[in-house]
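See below for the structure under consideration.
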Amino acid sequence: MREEIIAAISTAQGQGGIGAIRVSGFGSIDLVDRIFHSRSGVLLKELSGYTARMGKIYDEKEELDEVVVLVYRNPHSYTGEDVVEIFCHGGLYVTKKILRLVFEKGARPANPGEFTKRAFLNGKIDLIKAESVMKIISATGKNAMRAAVAANDGVVSKKIEQVKDILVETLAQLSVWADYPDDDDFDVDYNSLKEKITDAREKLIFLINNYDAGKILINGVNTVIAGAPNVGKSTLMNTLAGVEKSIVTEIPGTTRDIVEETVSLGDVTLHISDTAGIHATEDPVESIGVKRAKNRLKEAELILFVVDGSRNLTNDEIEMINSLKENNLLIIVNKSDLPQRLDYSCFDVFSKAVIKISAKNVEGLDMLEQSILEMLGTTQIDPAEGILISERQFLTLKNATKALSEAIDAINSGLTLDAVTVSIDSALDELCVLTGEKASQKVVDEIFSKFCVGK
Ligand SMILES: Nc1nc2c(ncn2[C@@H]2O[C@H](COP(=O)(O)OP(=O)(O)OP(=O)(O)O)[C@@H](O)[C@H]2O)c(=O)[nH]1
Ligand SMILES: [Mg+2]
């Protein structure tokens, strides 16, 4: 069945130097020929792939814009189909007008991610790479970009292919052993069998272990500044943000609602929430703020718990730190410029990093930055090595490693080779789900529905 011709604006909507309209599908070159007149008079259908022509777009007799048109011939295009890209002047009016014209001539609007979906269905890219395309659009920061570029180069895909090759080879060997059980020439070599499976498993574990840190590099980390009133949370927020974002006064209970700011720290983006000081209060407005602060803490991926070094901890503070200790938690002793009265031994039970700063005088911030990056584990990974960029990728790999562990266990406990084969088969299945060779329609649809239109 021939797919319908789809079209969309592929550049950002709004004012810009250039706007691009992408048209894909069998017949798309003929379609654009009906609205485009090249300067030289040549028709697009006479051109070979990867060829550009300058000319004008006409709506019947009316000239719309001077454009450059680029022709791709299947299978050598992004989608694997015939594709035409029209580069016009960037105003929203012109791009939309040309797009409407393309629709009038028979194309239909592309669904979100439909170009990339067709690329996947036509075997141009696997599902891992398709997911990374989406991330490239939304990536911010140098390392996030490096990760996305690595994924687009197929670094993760290649690693998965390598593991698949090892598993397929092992399965072939297993079937030889199963077919010739009594032949001495085909004696089962348990050591090499185990070595191969272990090697495959370790390659997958490498990717799995980088998942959390990789996720942080790409998405940034939800960071909550919390603590008792008046300890200097908002001052810290402002110091990290470099702007007076939160109101600071000497009156306890100044911050009531949540104040948010995005801050770059090294290669990591922190989405910071400054919250109301947590304590028991009768004030109805403040108590809503305290409730919001507590809710925000539940979603936090990193907690900066601020205490005041010029006084000892209250029982409430000790209790709060205790209830948060399972999280990525840094204890920040603020007001280091004042005479210190805090007994540090009270932190021993929490075994959490304690950092001394003066948010007001901007002292100790380097140490804080370093401790945050160490805690998040982003300094230890090289995004160019390939990182997993979705929960789906992470979970399928976990399933695959689990199956490989079962295969190793089966060998160790002397089970039949059949049991080993079943486990390796199931690991291989998971990897095929990951690359999309065996992914269900539902999964595929869900992945592409998260794309923006035009990709
Ligand atoms: N000496 C000193 N004072 C500080 C420091 N950080 C904050 N302060 C002062 O402490 C008071 C409270 O600061 P905020 O930043 O508003 O404290 P907060 O924790 O946000 O307070 P609430 O919003 O009321 O919970 C202000 O007078 C600040 O100037 C510091 O490092 N040293
Ligand atoms: Mg505050």
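Those letters in the sequence shown? Residues 10 to 464, by the numbering used here. Cβ coordinates follow ideal geometry from the N, Cα and C atoms, glycine included.
Between residue i and residue j, which are expected to be in contact by the criterion C-beta below 8 angstroms, what is the C-beta distance as a whole number of angstroms?
{"i": "S432", "j": "E446", "result": "Going by Cβ atoms, the distance from S432 to E446 rounds to 19 angstroms, so no, they are not a contact pair."}
{"i": "K361", "j": "S345", "result": "Going by Cβ atoms, the distance from K361 to S345 rounds to 18 angstroms, so no, they are not a contact pair."}
{"i": "E13", "j": "R117", "result": "6 angstroms"}
{"i": "E378", "j": "G275", "result": "6 angstroms"}
{"i": "I225", "j": "Q402", "result": "Wrong, their Cβ atoms sit about 16 angstroms apart, outside the cutoff."}
{"i": "A157", "j": "T387", "result": "Actually they are not in contact, since the Cβ atoms of A157 and T387 sit about 15 angstroms apart, beyond 8 angstroms."}
{"i": "D135", "j": "T444", "result": "4 angstroms"}
{"i": "K114", "j": "R31", "result": "That pair is no contact at about 15 angstroms."}
{"i": "G463", "j": "S19", "result": "4 angstroms"}
{"i": "L53", "j": "V41", "result": "6 angstroms"}
{"i": "I15", "j": "D91", "result": "I15 to D91, Cβ: 12 angstroms. No contact."}
{"i": "M143", "j": "F460", "result": "5 angstroms"}
{"i": "V230", "j": "V277", "result": "6 angstroms"}
{"i": "L9", "j": "K173", "result": "Because residue 9 is not part of the residues shown, which for the chain are 10 to 464, the question remains open."}
{"i": "F359", "j": "I341", "result": "Not a contact, Cβ separation roughly 13 angstroms."}
{"i": "V197", "j": "W186", "result": "5 angstroms"}
{"i": "I381", "j": "L413", "result": "Incorrect: roughly 35 angstroms between the Cβ atoms, too far for contact."}
{"i": "V103", "j": "D68", "result": "About 11 angstroms; that fails the 8 angstroms criterion."}
Just list the residues that DSSP pairs residue i with in beta bridges.
{"i": "S47", "result": "G64"}
{"i": "L313", "result": "I234 and L339"}
{"i": "V272", "result": "L279"}
{"i": "D8", "result": "This structure leaves residue 8 out entirely; the chain is present only between 10 and 464."}
{"i": "F96", "result": "A29 and V77"}
{"i": "P118", "result": "A16"}
{"i": "E372", "result": "S367"}
Sort the options by Cα distance to residue i and report the nearest one.
{"i": "V78", "options": "H85, E90, V51 and P84", "result": "V51"}
{"i": "A250", "options": "N228, H280 and H288", "result": "H280"}
{"i": "V495", "options": "L136, I312 and K407", "result": "No answer is possible for residue 495: the residues shown for the chain start at 10 and end at 464."}
{"i": "Y87", "options": "N228, T125, T248 and E400", "result": "T125"}
{"i": "I217", "options": "A419, L406 and K464", "result": "L406"}
{"i": "K133", "options": "P84, A160 and V103", "result": "P84"}
{"i": "V272", "options": "T284, T258 and M246", "result": "M246"}
{"i": "I327", "options": "T20, V294 and C355", "result": "C355"}
{"i": "N408", "options": "L382, V442 and I420", "result": "V442"}
{"i": "G258", "options": "L202, T244 and A181", "result": "Before going on, a small fix: residue 258 reads as Thr here, not Gly. It is T244."}
{"i": "L6", "options": "E335, F112 and D454", "result": "Absent from the structure is residue 6, since the part of the chain shown begins at 10 and ends at 464."}
{"i": "V233", "options": "I169, S166, K303 and V252", "result": "K303"}
{"i": "V252", "options": "A368, D198 and L338", "result": "A368"}
{"i": "S296", "options": "D266, D325 and S282", "result": "D266"}
{"i": "S422", "options": "Y199, D375 and G163", "result": "Y199"}
{"i": "M376", "options": "D391, L404 and N343", "result": "N343"}
{"i": "S399", "options": "L347, F457, K70 and K105", "result": "F457"}
{"i": "K65", "options": "R48, S282 and C461", "result": "R48"}
{"i": "N228", "options": "V371, M63 and L385", "result": "L385"}
{"i": "Q389", "options": "W186, Y102, E178 and N219", "result": "N219"}
{"i": "T284", "options": "A419, E71 and K300", "result": "K300"}
{"i": "E308", "options": "N324, D325, T60 and L333", "result": "L333"}
{"i": "G89", "options": "N131, K205, A187 and Y189", "result": "N131"}
{"i": "D357", "options": "S282, I330, N337 and S33", "result": "I330"}
(Q) Is it the case that the region 262–279 contacts the region 424–431, given that we only count it when at least three CB pairs across the two stretches are under 8 angstroms? (A) no
**Q.** the region 388–407 / the region 200–211 touching (three or more Cβ pairs under 8 angstroms)
**A.** no
Q. Counting pairs of Cβ atoms below 8 angstroms between the region 25–39 and the region 93–113, do you hit three or more?
A. yes
Q: Would you be able to state if there are at least three C-beta pairs under 8 angstroms between the region 234–245 and the region 279–297?
A: yes
Q) Is the region 213–230 close to the region 441–461, with three or more CB pairs under 8 angstroms? A) no
Q) Would you call the region 341–359 and the region 306–321 touching, i.e. three or more CB-CB distances under 8 angstroms? A) yes
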